[in-house]
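Each residue of the sequence shown is one higher than the last, beginning at 5 in the numbering used here.
Structure first, then comments.
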Amino acid sequence: MKNNNIIAWNCCGAGNPSFRMRFRELIKKHKPLIVAILETRVPSSKAKLAYSRVNLRGRHFVEAEGFSGGIWLFWDTDAVQVTILKSHAQFTFTAIYASPNRQKRANLWDELRVLANGVNQLWLITGDFNSITSMNEKSGGAPFDRTSTAPFRDLINDLQLIDFGFVGLPFTWARGNSQHTRIQCRLDRTLGNIEARHKWAECLIQHLPRLNSDHAPLLIRLNGNPPPARALRPFRFQAAWLQHPEFHTLVQDNWRTNGPITETLENMSIHCLQWNKSVFGNIFARKRRLEARIEGIQNTLKNHFVPGLWKLEKHLKEQLDITLQQEETLWFQKSREKWIVQGDRNTKYFHTATIVRRRRNKIEGVKNTTGTWVTDPEALKQMTMEYFQKLFTPENDTCHNSIRSAFPKIMEQDIRDLSRDFTIEEIRTALFQMHPNKAPGPDGFHALFFQRFWDTLKEAMCGFLLPILNGDQSSEKVNGTLITLIPKNEAP
5 MKNNNIIAWN CCGAGNPSFR MRFRELIKKH KPLIVAILET RVPSSKAKLA YSRVNLRGRH
65 FVEAEGFSGG IWLFWDTDAV QVTILKSHAQ FTFTAIYASP NRQKRANLWD ELRVLANGVN
125 QLWLITGDFN SITSMNEKSG GAPFDRTSTA PFRDLINDLQ LIDFGFVGLP FTWARGNSQH
185 TRIQCRLDRT LGNIEARHKW AECLIQHLPR LNSDHAPLLI RLNGNPPPAR ALRPFRFQAA
245 WLQHPEFHTL VQDNWRTNGP ITETLENMSI HCLQWNKSVF GNIFARKRRL EARIEGIQNT
305 LKNHFVPGLW KLEKHLKEQL DITLQQEETL WFQKSREKWI VQGDRNTKYF HTATIVRRRR
365 NKIEGVKNTT GTWVTDPEAL KQMTMEYFQK LFTPENDTCH NSIRSAFPKI MEQDIRDLSR
425 DFTIEEIRTA LFQMHPNKAP GPDGFHALFF QRFWDTLKEA MCGFLLPILN GDQSSEKVNG
485 TLITLIPKNE AP
């Protein structure tokens, strides 16, 4: 008859060989039905080293966050049935009240620096910092003093914290009842480390109305608003495809030199998507697969040297390096950053920049003409459509001859120069002056695609564009465009 024993052990790290020996000894001696190993501090991939010789077939893992947390649960499937109800990530939450006194604030900043040295997991910091970071975060009162706010900016930079932004009114604190005495500032905010920004990519901070206080409450929605129904994703060219040796052949084999370029690009996008699915594959899945195979080979080579495995490991490492470069390129393209440091892994930076850009550009709510905030996705779509329909509907407009005559006239030579036909070289010059990775048009192809394959594409492109540029054909079929709201401040 089996023992009804359960073992729970905070091992303070499950990565060393002595833990594995002790773990197996405990199982052998006490024959437990359930074992809970706490604070493993290592990825669950390390768990198989511990349970490889243990007859507990039921397993569930809660991943460690950095060098903290982690739970491994094992059980005897012949004796017990286990249902995992909930599994949560751990994080450090710090609530802040910073004194209006500058010296006391400086002391608090120092305490946070000390605290940061011991934080090795998700970290969320929120509250009243009694400081601002820029002139945009203040209205009224004395002019913005950059020197007095420098310590707070230095704290954010030193601890590599990210401002999670906000929606709603721009200021969280206000005082004064008249135009001359009114002062408003954004004293309250939510900051987090890079790991927290990655974990809660959709986190939404909402400034609620100020009631019974001169400060606004902050509502922190870690998972953001409920996602709208997922629409069909439009095609987007992936710069990482260029690093695959077969992509150049794919373009050459499927590019049509005759017919409307719009149809040619649509046909090319179909071939790209099919090739991406059947040949290129998912970068992240490929990375995980390669890492797992390399780890398995290294575990085998640890005990027995096998020349064939050593060569395979070398080949897999080369493939992993290519995959990591492709991953970096993917996040660089999505981040819309303007530079990349060659020879250095910038993947985490570009991933973070992408999350921050998406969060900043995402429209969570719009104030309508009555002053009411609208957050329903369908209502937002309707408001946006009505606004731009009104904006781009021409009004009765007259241009008097007297106004026309007020403008200076250009010289005859200038008229002849402007009237000259466009050339292939002018199209090429304009194309290569475009930023390679800026947002594409409706066809989904960035300028990088046309720049990289100019020799292959130029005949069809110029044959299609020159008659339009020189006025011989209508430009209606290439006038489609995407309208995107580009915020000019942190929270419009």
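For each residue, glycine too, the CB sits at the ideal point set by N, CA and C.
Excluding five sequence neighbours on each side, which residues of the same chain lie with their C-beta closer than 6 Å to the C-beta of residue i?
{"i": "Lys371", "result": "Trp377"}
{"i": "Ser143", "result": "Gln188"}
{"i": "Asp348", "result": "Because Asp348 sits at a pLDDT of 43, beneath the cut-off of 50, its placement in the model cannot be relied upon, and the point is left open."}
{"i": "Gly172", "result": "Gln210 and His211"}
{"i": "Leu324", "result": "Leu294"}
{"i": "Thr98", "result": "Ile129"}
Looking only at DSSP bridge pairs, what is residue i linked to?
{"i": "His275", "result": "DSSP lists no partner for His275."}
{"i": "Asn14", "result": "Leu42"}
{"i": "Ser211", "result": "Sequence inspection shows His at residue 211; the Ser mentioned does not correspond to that position. Partner(s): Gly172 and Leu222."}
{"i": "Asp167", "result": "Leu195"}
{"i": "Ala99", "result": "Thr130"}
{"i": "Trp177", "result": "Cys189 and His219"}
{"i": "Trp377", "result": "Lys371"}
Where does residue i land, buried or exposed, given buried means 16+ other C-beta within 10 angstroms?
{"i": "Arg179", "result": "exposed"}
{"i": "Cys189", "result": "buried"}
{"i": "Phe23", "result": "buried"}
{"i": "Lys342", "result": "Reliability fails at Lys342, whose pLDDT of 49 lies under 50, so the model's placement of it is uncertain and the value that follows must be treated cautiously. Exposed, by the Cβ-count rule."}
{"i": "Val118", "result": "exposed"}
{"i": "Arg96", "result": "Correcting the residue identity first, residue 96 is Thr in this sequence and not Arg. The residue is buried, with at least 16 neighbouring Cβ atoms inside 10 Å."}
{"i": "Gln417", "result": "exposed"}
{"i": "Glu115", "result": "exposed"}
{"i": "Phe392", "result": "exposed"}
{"i": "Ile10", "result": "exposed"}
{"i": "Gly73", "result": "buried"}
{"i": "Leu395", "result": "exposed"}
{"i": "Ala12", "result": "exposed"}
{"i": "Leu223", "result": "exposed"}
{"i": "Phe27", "result": "buried"}
{"i": "Arg109", "result": "buried"}
{"i": "Gly263", "result": "exposed"}
Only counting the same chain, and skipping five residues up and downstream in sequence, which positions put a Cβ closer than 8 Å to that of residue i?
{"i": "Asn227", "result": "Trp204, Glu206 and Cys207"}
{"i": "Trp259", "result": "Thr268, Met272, Phe457, Thr460, Leu461 and Ala464"}
{"i": "Leu191", "result": "Asp132, Phe133, Asn134, Ser135, Ile136, Thr176, Trp177 and His219"}
{"i": "Leu305", "result": "Leu313, Trp314 and Glu317"}
{"i": "Gln247", "result": "Ile326, Gln329, Gln330 and Thr333"}
{"i": "Ala296", "result": "Ser49"}
With a CB to CB cut of under 7 Å and the five nearest residues on each side skipped, what residues in its chain are close to residue i?
{"i": "Gly390", "result": "A small correction: the amino acid at residue 390 is Glu; Gly does not occupy that position in the sequence shown. Same-chain partners within the cutoff: there are none."}
{"i": "Phe502", "result": "Since the first residue of the chain shown is 5 and the last is 496, residue 502 is not available in this structure."}
{"i": "Gly145", "result": "Ile187"}
{"i": "Phe284", "result": "Trp245 and His248"}
{"i": "Phe453", "result": "Phe241"}
{"i": "Cys16", "result": "Glu43"}
{"i": "Ile88", "result": "His64"}
{"i": "Leu159", "result": "Trp113 and Leu116"}
{"i": "Leu469", "result": "Ile431"}
{"i": "Pro440", "result": "His450, Ala451, Leu452 and Gln455"}
{"i": "Arg157", "result": "Thr137"}
{"i": "Met139", "result": "Phe148"}
By DSSP, does residue i sit in helix, in strand, or in coil?
{"i": "Ser143", "result": "strand"}
{"i": "Gly312", "result": "helix"}
{"i": "Phe148", "result": "coil"}
{"i": "Leu328", "result": "helix"}
{"i": "Gly19", "result": "coil"}
{"i": "Lys108", "result": "helix"}
{"i": "His64", "result": "strand"}
{"i": "Lys371", "result": "strand"}
{"i": "Ile75", "result": "strand"}
{"i": "Gln247", "result": "helix"}
{"i": "Gln125", "result": "coil"}
{"i": "His450", "result": "coil"}
{"i": "Phe457", "result": "coil"}
{"i": "Ile136", "result": "coil"}
{"i": "Ser91", "result": "coil"}
{"i": "Met387", "result": "helix"}
{"i": "Met438", "result": "coil"}
{"i": "Trp113", "result": "helix"}
{"i": "Lys306", "result": "coil"}
{"i": "Lys413", "result": "coil"}
{"i": "Gly484", "result": "coil"}
{"i": "Asn9", "result": "coil"}
{"i": "Gln242", "result": "coil"}
{"i": "His184", "result": "coil"}
Kindly examine the ligand ATP and report whether one of its heavy atoms sits closer than 7 Å to the Cβ of residue i.
{"i": "Gln188", "result": "No copy of the ligand ATP occurs in the structure displayed, which carries no ligand at all."}
Checklist entry - What are the start and end residues of each continuous alpha helix (DSSP H) run of 4 or more residues lying completely inside the stretch 254-303, in chain order? => result Counting whole runs of 4 or more residues, the stretch 254-303 contains the alpha helix (DSSP H) stretches 265-279.
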